[in-house]
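Undergrad: Its first residue numbered 653, the sequence shown is counted upward by one per residue in the working numbering.
Here a beta-carbon is modelled for each residue, glycine too, at the ideal position from N, C-alpha and C.
On a predicted model such as this, the values are computed, not experimentally measured, just so you know.
Could you have a look at this structure, given as structure tokens, before my questions?
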Amino acid sequence: MFEAFEMMVFFENMIALNNVSIACGEGKIIGIFGSNSAGKSTFMHAISGIILDIKKKEEMRGGERISVYGRVFFNGKDISAVKPHNRAKAGIVLCPERRRIFPESSVLENLKIGSYLTGSRETRMNLAYVLDLFPRLKDHLKRQGGFLSGGEQQMLAIGRALMASPKLLLLDEPLLGLSPAYQEIVINGTKAIRDSKGISIIITEQYARPV
Numbered sequence: 653m654f655e656a657f658e659m660m661v662f663f664e665n666m667i668a669l670n671n672v673s674i675a676c677g678e679g680k681i682i683g684i685f686g687s688n689s690a691g692k693s694t695f696m697h698a699i700s701g702i703i704l705d706i707k708k709k710e711e712m713r714g715g716e717r718i719s720v721y722g723r724v725f726f727n728g729k730d731i732s733a734v735k736p737h738n739r740a741k742a743g744i745v746l747c748p749e750r751r752r753i754f755p756e757s758s759v760l761e762n763l764k765i766g767s768y769l770t771g772s773r774e775t776r777m778n779l780a781y782v783l784d785l786f787p788r789l790k791d792h793l794k795r796q797g798g799f800l801s802g803g804e805q806q807m808l809a810i811g812r813a814l815m816a817s818p819k820l821l822l823l824d825e826p827l828l829g830l831s832p833a834y835q836e837i838v839i840n841g842t843k844a845i846r847d848s849k850g851i852s853i854i855i856t857e858q859y860a861r862p863v
């Protein structure tokens, strides 16, 4: 389903990602573990295509600091040069590190932002699924995202990603800063996503034990 070969990313002369290859089959959960600054987020940016936008913005400012190498395949197609929004349309959806929700928007508004790629019927079905998966969000639909706890914000971030109907869900350190109780909720939710939807998942973390 998904394969990345010999991915390398340089920031000037610094190697941020060094010759990383990975394969993820349909309905599988793949874990990538490493310490801070090991290149986990850079790898997620590379396979989601976001690194291409970062590189382009750098070039528009006259810089040439970022170099990206390697090939990415999704469902048998080479998507190495495909822009991130088109990768999202194809089903590769990133839930970024530190959640990146919209704090002044309500929980419901945050979720609907994730549905910009789907039709109204699919949006309703996805919303029902997310609220069933994380029922705590159902109690706070009108609350601003910034007033949620860290664990609730992480549920919201994952829910927003699910609203885009992913085929491959990229979870970048979803347990960061969470209490053990919320870590368990997120991990159980991740397994439920795979089991109920057959969605493939790549997850990065510092430590393997909670996962």
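On the three-state DSSP scale, how would you describe S817?
TA: Within the sequence shown, numbered from 1, the residue matching residue 817 stands at position 165. Three-state DSSP puts S817 in coil, outside helix and strand.
Undergrad: Start and end of the beta strand (DSSP E) containing L669?
TA: Counting from 1 along the sequence shown, the entry for residue 669 is found at position 17. It spans M666 to C676 - the beta strand (DSSP E) in which L669 sits, taken as one unbroken run.
Undergrad: Within a Cβ cutoff of 6 angstroms, which residues of the same chain sit near V782, ignoring the five residues on either side of it in sequence?
TA: Within the sequence shown, residue 782 is the residue found at index 130, counting from 1. Taken in chain order, the residues that qualify are G811 and L814.
Undergrad: Between the stretch 709-727 and the stretch 768-787, do three or more beta carbon pairs fall short of 8 angstroms?
TA: Not touching, per the Cβ criterion.
Undergrad: What residue from A675, I744, K764 and I667 has the CA that sits closest to I718's CA?
TA: One-based indexing of the sequence shown puts residue 718 at position 66. Ranking the options by Cα distance to I718, first place goes to I667.
Undergrad: Tell me whether R864 is buried or exposed, calling it buried when 16 or more other Cβ atoms sit within 10 Å of its Cβ.
TA: What the structure shows of the chain is the stretch from 653 to 863, and residue 864 is not part of that stretch, so it cannot be assessed.
Undergrad: Taking C-alpha atoms, which residue in G829, S852, L827 and S831 lies nearest to L820?
TA: Here residue 820 refers to the residue found at position 168 of the sequence shown. With distances taken between Cα atoms, L820 lies closest to S852.
Undergrad: Just the Cα atoms here: how many angstroms apart are D847 and G715?
TA: As a working note, residue 847 is residue 195 in the sequence shown. As a working note, residue 715 is residue 63 in the sequence shown. Roughly 45 angstroms separates the two Cα atoms.
Undergrad: Below 8 angstroms between beta carbons: does that hold for G691 and L669?
TA: Along the sequence shown, read from residue 1 onward, the residue named residue 691 stands at position 39. Along the sequence shown, read from residue 1 onward, the residue named residue 669 stands at position 17. Going by C-beta atoms, G691 is nearer than 8 angstroms to L669.
Undergrad: Under a three-way DSSP split, which group does F754 fall into?
TA: To locate residue 754, count along the sequence shown from 1; it is residue 102. Coil.
Undergrad: Is the beta carbon of L822 less than 8 angstroms from the beta carbon of I703?
TA: Within the sequence shown, residue 822 is the residue found at index 170, counting from 1. Within the sequence shown, residue 703 is the residue found at index 51, counting from 1. Cβ distance not < 8 angstroms, so L822 and I703 don't count as in contact.
Undergrad: Helix, strand or coil for G701? Go by DSSP, reduced to three states.
TA: On the sequence shown, position 49 is the one that residue 701 refers to. In this structure, G701 counts as coil in the three-state DSSP scheme.
Undergrad: Look at the Cβ atom of K794, then the Cβ atom of L760, and state whether they are nearer than 8 angstroms.
TA: Taking the sequence shown and counting its residues from 1, one reaches residue 794 at position 142. Taking the sequence shown and counting its residues from 1, one reaches residue 760 at position 108. Result yes, Cβ atoms of K794 and L760 sit closer than 8 angstroms.
Undergrad: Ignore the nearest five residues each way along the sequence and tell me which others in A698's own chain have a CB closer than 8 angstroms to its CB.
TA: The residue you call residue 698 lines up with position 46 of the sequence shown. A656, M659, V661, L669, V720, G722 and V724.
Undergrad: For E756, count neighbouring C-beta atoms within 10 Å of its own C-beta (all shown protein chains included) and say buried if the count is 16 or more, exposed if not.
TA: Along the sequence shown, one-based indexing puts residue 756 at 104. It is exposed - the Cβ of E756 has fewer than 16 other Cβ atoms within 10 Å.
Undergrad: Taking only three categories from DSSP, how would you classify A690?
TA: As a position in the sequence shown, residue 690 is number 38, starting the count at 1. Here A690 sits in coil by DSSP.
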